[in-house]
Amino acid sequence: MSSDRVMVSRRRNHLGVRETSASFTEQATDEDCLEVAALPNVITLSLGPSPFITDTGFGALCRLATLDSMYVQNLPSVSESGAEQVAGLTGLTNFDTYDWARQSLIPALCTLPSLGSCGMIRADLTDEEVEPLAVCSSLESLDFQDNQVEGMGLGPFSDCSTLRRLSVCNNPISNRGIRTIAAIAPLEELALGGTVLDGLSLEPLAHMPRLYVLHVNNSDITASQLGELQGGTSPRRLWISHESLGPDAIDALATLMQLKGLMICGEAPPNLARTIRTVFRQKGVHCAVQP
0 MSSDRVMVSR RRNHLGVRET SASFTEQATD EDCLEVAALP NVITLSLGPS
50 PFITDTGFGA LCRLATLDSM YVQNLPSVSE SGAEQVAGLT GLTNFDTYDW
100 ARQSLIPALC TLPSLGSCGM IRADLTDEEV EPLAVCSSLE SLDFQDNQVE
150 GMGLGPFSDC STLRRLSVCN NPISNRGIRT IAAIAPLEEL ALGGTVLDGL
200 SLEPLAHMPR LYVLHVNNSD ITASQLGELQ GGTSPRRLWI SHESLGPDAI
250 DALATLMQLK GLMICGEAPP NLARTIRTVF RQKGVHCAVQ P
């Protein structure tokens, strides 16, 4: 196993047990996978976009009984039948993919009893494809950035009592999708960053009982849509781009009595930042800027 292809680190956990993590580069091979699969107590794997890892190597990693977290970035030589070997990772709690579309993944993930966090970014997913994940009774976090999800397929997640965080950034969310998301009562954090919000009503989000954080940065949110959040209990904290904060938007935000924190994303002009801090400090709202 070459250190140029795989980086292995070891540490002891709070019980004194030595645990292993492995990160694969773009040059990693099946042979590297087989060698890592033979290591003791492998808990974390990060697989880069290697064209040299096939079903054989990926399958060996999917037999790691101790694996807790797996991150996969586009394995083009792993087939549909190879991807479904994820079902063998019965102890997996965190699974993330980037730019890797395999239809067999979600049915396989649905069989994992401890799956708590799942991210599938740029996977060409539709509402129909994400809907089955609602059977995962331990899910706390879902990330569907950069897919084709309109939101209606998220309806079954309203029965998922553990779901706390949902990201649907850069998806074609519809009005019906907004209403569907608003019905997921346990949600505490919702990310709509980068989403085209033009023509959508955000009023249903104001009445979500536990929604604490709402991300609308890098979106085209308007002052009128911000005003739709008036009179509700949510959100308590809002992430928004400084480009969205014209005078009308600031006035609309000032009417949100539930708001306790405002995160301004991007390099806000100094005069705008001063105005915002002045307006919201008087209302007891904490303001911060994230460049």
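Quick note on numbering that gives the first Met the number 0: the sequence shown kicks off at 0 and runs consecutively. Even for Gly, the Cβ is constructed at its ideal location relative to N, Cα and C. Model, not experiment: these values are computed from the prediction.
Item: By the three-class DSSP mapping on this structure, what secondary structure does Arg163 have?; Value: coil
Item: Which of the three DSSP states, helix, strand or coil, is assigned to Asp31?; Value: helix
Item: Evaluate Ser243 with the Cβ neighbour count: other Cβ atoms within 10 Å of its Cβ, from every protein chain shown; 16 or more gives buried, anything less gives exposed.; Value: buried
Item: What do you get for Thr89, buried or exposed, if any count of 16 or more other CB atoms within 10 angstroms of its CB means buried?; Value: exposed
Item: Assess contact between the region 145–160 and the region 197–206, defined as three or more Cβ pairs (one per stretch) separated by less than 8 Å. Is contact present?; Value: no
Item: State the beta-bridge partners of Met69 as determined by DSSP.; Value: Leu44 and Phe94
Item: Quick check on the DSSP output: what are the complete beta strand (DSSP E) runs of length 3 or more inside the region 176–253, in order along the chain?; Value: 188–190, 212–214 and 236–240
Item: Find the nearest neighbour of Pro171 within the set Leu191, Leu162 and Ala184, judged by alpha-carbon distance.; Value: Leu191
Item: Within 10 angstroms of its Cβ, does Asp142 collect 16 or more other Cβ (buried), or is it exposed?; Value: buried
Item: Less than 6 Å between C-beta atoms, sequence neighbours within five positions excluded: which residues of the same chain meet that for Met6?; Value: Ser22
Item: State the start and end residues of the unbroken alpha helix (DSSP H) segment that holds Ser80.; Value: Glu79 to Ala82
Item: Among Gly81, Leu38 and Thr43, which one has its Cα closest to the Cα of Ile52?; Value: Gly81
Item: Using 10 angstroms around the beta-carbon of Thr254, count the other beta-carbons present and answer buried if the total reaches 16, otherwise exposed.; Value: exposed
Item: How would you label Thr125, buried or exposed, when you count the other beta carbons within 10 angstroms and need 16 or more for buried?; Value: exposed
Item: Between Glu266 and Pro106, what straight-line distance do the alpha-carbon atoms span, to the nearest angstrom?; Value: 43 Å
Item: Tell me the rounded alpha-carbon separation between Ser225 and Leu74.; Value: Contrary to the premise, residue 225 reads as Leu rather than Ser in this sequence. Approximately 41 Å between the Cα atoms of the pair.
Item: Tell me the DSSP bridge mates of Met256?; Value: Answer by DSSP bridge pairing: none, since Met256 is not bridged.
Item: Which stretch, first to last residue, makes up the alpha helix (DSSP H) that contains Asp126?; Value: Asp126 to Val129
Item: Tell me whether Ser140 sits in a helix, a strand or coil according to DSSP, three-state version.; Value: strand
Item: Go ahead and label Arg236 buried or exposed: buried means 16 or more other beta carbons lie within 10 angstroms of its beta carbon, across all protein chains shown.; Value: buried
Item: Could you tell me the boundaries of the alpha helix (DSSP H) in which Arg305 lies?; Value: Outside the displayed range of the chain (0 to 290) lies residue 305, so it cannot be described from this structure.
Item: Can you grab the Cα-Cα spacing for the pair Val41 / Ile220, in whole Å?; Value: 44 Å
Item: Between Leu66 and Leu91, what straight-line distance do the alpha-carbon atoms span, to the nearest angstrom?; Value: 6 Å
Item: Could you tell me the boundaries of the beta strand (DSSP E) in which Gly118 lies?; Value: Ser116 to Ile120
Item: If you follow the beta strand (DSSP E) that Thr110 is in, where does it begin and where does it stop?; Value: Counting along the chain, Thr110 falls outside any beta strand (DSSP E), and DSSP gives it neither H nor E.
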